[in-house]
Each structure stands twice: as structure tokens, then as C-alpha cells.
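Oh and the sequence shown: position 96 is 96 in UniProt numbering, straight run, nothing missing. Beta carbons are placed, not taken as given, at the ideal position from N, Cα and C, and that holds for glycine. First up is the structure itself, then whatever we jot down about it.
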Amino acid sequence: MSIGEHQWSTWRAVKPMSADKNMYQTSDTSSRIIRAAEQLFAEQGFKETTMRQITTLADVNLAAVNYHFGSKKGLIQSVAERSLTPLCDAIEEGLARLDANISAPALEELLQVLATALVRVHGRNAYALAVLMRLLDLAYRPAQQGLQSFMHTQYGKRMAVFMHYLRQETQSLDEREFFWRLHFMMGSVIFTLSNMHVLIALDKPGTEVDAAVEVQAILQRMVPVISAGLLAPGNSDPG
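Set out below in C-alpha cells:
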């Protein structure tokens with residue numbers, strides 16, 4: 001069995017809801033298209049998913065996709081909004097709660113806010129968190145300036161407060177070192193949550209699990225690891 005086949009089989013074994021085509025026949029056309037796209041993007045990736053696959057699963061024609069979203073890029077941006085908006089909402093709510101209780105949140109408290117926000121995204125549906133992670137990965141590809149610009153314009157200011165607090169708690173690092181530590185953190189989160197179904201299946205082979213519980217457990221394992229990585233002494237000769 002190839003790695004791709006293994007990932008597909010383990011995804012099917014762990015995900016908490018069925019991929020029955022009938023699930024897309026109970027709401028308006030644009031919502032059906034977005035939900036079908038979310039599932040396929042999560043399972044296959046953005047480049048690998050064709051418009052034909054999306055329209056087949058959503059039970060619509062290509063003209064409907066073009067009418068509602070304009071193009072595949074427009075559809076990807078709409079899918080991004082479905083995960084990034086609740087993520088930012090949850091982060092802002094978490095920061096507001098911290099601000100009400102303490103003047104300067106500690107690093108692990110900030111990471112707990114992020115973890116809680118990611119759990120909320122996962123609560124939307126079985127595919128939302130994996131799609132979000134794939135989106136963040138996609139945004140770093142050279143040909144994705146449009147997606148980068150969209151995410152920065154729509155969500156850059158909303159994330160700025162969280163980043164400000166994060167930077168306050170890592171003042172021992174210079175800007176260059178902080179840049180790399182931040183991306184080490186992002187890489188760890190993106191890889192782990194993009195492949196969480198495979199990792200869970202490897203950790204608990206042949207076991208039926210509650211994906212929501214597993215996501216929370218994974219994030220709680222990650223918080224102290226990421227915190228330690230961000231707070232570790234900087235390289236004295238970074239080059």
C-alpha cells in the first residue's frame with residue numbers, strides 16, 4: 001500500500017462523520033459546494049482536487065460554482081473564510097478573557113488560547129481543521145500571492161494582537177530568531193494537524209476513537225513543546 005493509500009484509509013477509519021453524498025442535498029447550492037470542497041480539499045489537497053470532483057459530490061454543475069464563486073481560487077477563499085473567521089473570533093474572545101484577569105498573559109496561556117481556537121474550528125465539521133492547516137501550508141507556496149494577500153487583508157489585523165502578546169513573551173529573542181521560532185511553531189502545528197488522522201491511527205491502530213477528544217489531547221501535548229521551543233536560549237552565532 002502506498003503512503004497516499006495509507007493516508008486515505010486511515011482518514012476513513014478515524015473521521016467522525018460519513019462522506020455520504022446525500023449530506024450535501026439538504027441546503028442551498030453555495031453551502032453544498034463549500035462543504036463538498038472542504039471535504040475534498042481536506043482529504044486530497046487543493047491542487048489534487050478537481051472542479052469535476054467538487055461538482056459531482058455537491059451534485060451541482062460547473063456553472064453553479066462559477067456563478068457563486070467565480071473560479072476555483074474564489075472557492076478556496078470562501079473555504080478559507082469558513083475556518084479563519086471562527087479561528088480569529090475564538091482567539092479574540094480568549095485574549096479578551098485573559099485581559100480581563102491579567103495584564104500580561106504568559107506564553108503558555110497564549111498558546112492555550114490558540115489551542116482552544118483550533119478546537120473550535122475542528123468543532124465546525126470533520127474537515128474544517130485539516131482544511132485550515134492545508135490552507136496555511138498552501139499560503140506559503142510561491143504561486144499563491146493572491147491567497148497570501150487575501151489572508152493578510154482579511155485577517156492580518158485580527159491576528160496582530162495575538163502576535164503582539166506572543167512577541168512580548170519572547171523578548172529574549174532578536175527579530176530574526178523570533179521569525180524562525182515562529183515558523184518552527186507553525187510548521188509543527190500544520191504538519192501535526194494536517195496529518196492527525198494518520199498519526200492517531202498509527203498511535204492507536206485498530207481502535208475506534210473520538211476525533212474531537214483526540215484533537216484536544218494532541219493540542220495539549222503540543223502546548224508545552226511549542227512553549228519550550230519558543231523560550232529556549234537563542235543561537236549565539238545564528239549566521
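Let me know the secondary structure DSSP gives residue 144 once reduced to three states.
coil
My output table needs one value for residue 46: the three-state DSSP class, helix, strand or coil.
Residue 46: coil per DSSP, three-state reduction.
Apart from the five residues just before and just after residue 36, which ones in its own chain have a Cβ nearer than 6 Å to its Cβ?
24, 54, 57, 58
Could you tell me the distance, in whole angstroms, from the CA atom of residue 222 to the CA atom of residue 63?
43 Å
N-terminal and C-terminal residue of the alpha helix (DSSP H) that residue 102 is part of
Counting along the chain, residue 102 falls outside any alpha helix (DSSP H), and DSSP gives it neither H nor E.
Assign residue 204 to one of three DSSP states: helix, strand, or coil.
coil
Under the rule that 16 or more other beta-carbon atoms within 10 Å means buried, what is residue 148, buried or exposed?
exposed
Give, in chain order, every unbroken run of the alpha helix (DSSP H) that is at least 4 residues long and sits entirely within the UniProt domain "HTH tetR-type" (27-87).
Entirely contained in the UniProt domain "HTH tetR-type" (27-87), the alpha helix (DSSP H) runs reaching 4 residues are, in chain order, 29-44, 51-58, 62-69.
Which value, in whole angstroms, describes the spacing of the CA atoms of residue 243 and residue 169?
Past the boundaries of the shown model lies residue 243; the chain is included only from 1 to 239, so the question cannot be answered.
Using a Cβ distance threshold of 8 Å, determine whether the region 80-90 contacts the region 111-128, with at least three qualifying pairs required.
yes
Whole-Å CB distance - residue 136 paired with residue 190, under 8 Å assumed
Cβ-Cβ separation between residue 136 and residue 190: approximately 5 Å, consistent with a contact (criterion under 8 Å).
Indicate the three-state DSSP secondary structure (helix, strand or coil) for residue 188 in the structure shown.
helix
Are the CB atoms of residue 38 and residue 131 nearer to each other than 7 Å?
yes
Do you know how far the Cα of residue 176 is from the Cα of residue 127?
34 Å
Once DSSP output is grouped into helix, strand and coil, what is the label at residue 170?
coil
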